[in-house]
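A.B. asks: First residue of the sequence shown: 1, per the numbering used here; consecutive thereafter. Even glycine gets a Cβ: it sits at the ideal position worked out from N, Cα and C. These numbers come from a predicted model, not from an experiment. I'd like to ask you about the structure that follows.
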Amino acid sequence: MVPVLSIITINYNNRLGLLKTMQSVVEQSFQDFEYLIIDGGSNDGSLEEILNYEQYLSFWCSEKDKGVYNAMNKGIAKATGEYLLFLNSGDSLLDNQILSKIVPLLKDYGIIYGDLIFKYGTKDILQTYPDRLDIGYLFYYSLGHPASFIRRDLLQKRPYSEDFKIVSDWEFFFYEIILDNIPYMHINQAISIFDTNGISSNLEKCKQEQIEALKRIFPGGLYDMIEEYAAMKRSPLFPLFYELQKTRKFQLRIKPLLSFLIKLNNFIGRKR
């Protein structure tokens, strides 16, 4: 029987973080899931910790990889659950009851996401996410990866890009939610605790990769147009604009302008 959930942990030379993550998984009161560990060939004692927990694992490997998203894609290829949750070494589930609460909700939606606790030393900060996701939000922000349950067939169809070191999970969310319009649901509940010592805590590098990804999604002049639209949606004046666009007079005036902008963008694209 196919399990509802596969939990995948990626690790490289983070023995103590791996131990914390494995403990939070195997101590769950709900146990009808499979657990996979993809280790990048660690030499810090991580392998010994994996062997100590081998009885709880559906699959594990310890071999060199090409980066964190390459390792995640290995996990996707080996997982059999209907939904996947990535809980990397150092991260942990909120408590030992959380899966009992969440797993019964894993149905009908492509992505089901909860809230995430960011741990900064001894300080915990709860990050909540909106119920409704649009381009105005995802253009600038992402979801909490360790708090997101993703249908496996979506990740098989579109595995994580291995070109990036930080933002490929955000890129996946953008494609699926904004461009492919897959159904999603927000659970108003903290799911996991995120270890901020990871590479994705490098905000400057994260932003650089995000812009590069967006320009790949929206080539040419489209990126600038989408950026302006996303900024407009974040503006407190957007509700007024939304109401105006319903009027007949506004539609008559804005339609020629949009047509002109599209033609101008196509012309510039041909010139390049």
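Look at the alpha carbon of residue 11 and the alpha carbon of residue 206, and state the distance between them as a whole number of angstroms.
C.D. replies: Going from the Cα of residue 11 to the Cα of residue 206 covers about 20 Å.
A.B. asks: Touch check for the region 92 to 112 and the region 186 to 194: three-plus C-beta pairs under 8 Å?
C.D. replies: Because the criterion of three Cβ pairs below 8 Å is met, the region 92 to 112 and the region 186 to 194 touch.
A.B. asks: With a CB to CB cut of under 8 Å and the five nearest residues on each side skipped, what residues in its chain are close to residue 337?
C.D. replies: The question about residue 337 has no answer, for the chain in this structure spans 1 to 272.
A.B. asks: Going by C-alpha distance, which of 227, 53, 44, 209 is nearest residue 162?
C.D. replies: When only C-alpha atoms are compared, the closest one is 209.
A.B. asks: For residue 116 and residue 194, which I take to be in contact (beta-carbon distance under 8 Å), what is that distance rounded to the nearest angstrom?
C.D. replies: At roughly 5 Å, the Cβ-Cβ gap stays under 8 Å, so residue 116 and residue 194 are in contact.
A.B. asks: With a CB to CB cut of under 7 Å and the five nearest residues on each side skipped, what residues in its chain are close to residue 20?
C.D. replies: Same-chain partners within the cutoff: 90, 92.
A.B. asks: With a Cβ-Cβ cutoff of 8 Å, do residue 80 and residue 25 count as a contact?
C.D. replies: Their beta carbons are not under 8 Å apart, which means residue 80 does not touch residue 25 by this criterion.
A.B. asks: Figure out for me which residue from 141, 23, 54 has the closest Cα to the Cα of residue 132.
C.D. replies: For the residues 141, 23, 54, the minimum Cα distance to residue 132 belongs to 141.
A.B. asks: What number of angstroms, rounded off, separates the C-alpha of residue 127 from the C-alpha of residue 39?
C.D. replies: Each residue's Cα considered, the two are about 28 Å apart.
A.B. asks: The alpha helix (DSSP H) with residue 127 in it runs from where to where?
C.D. replies: It is not in any alpha helix (DSSP H) - residue 127 instead sits in the beta strand (DSSP E) that spans 123 to 127.
A.B. asks: Output the residue ranges of the alpha helix (DSSP H) runs that lie fully inside the region 71 to 130 and measure 4 residues or longer, sorted by chain position.
C.D. replies: Counting only runs of 4 or more, we get 98 to 102.
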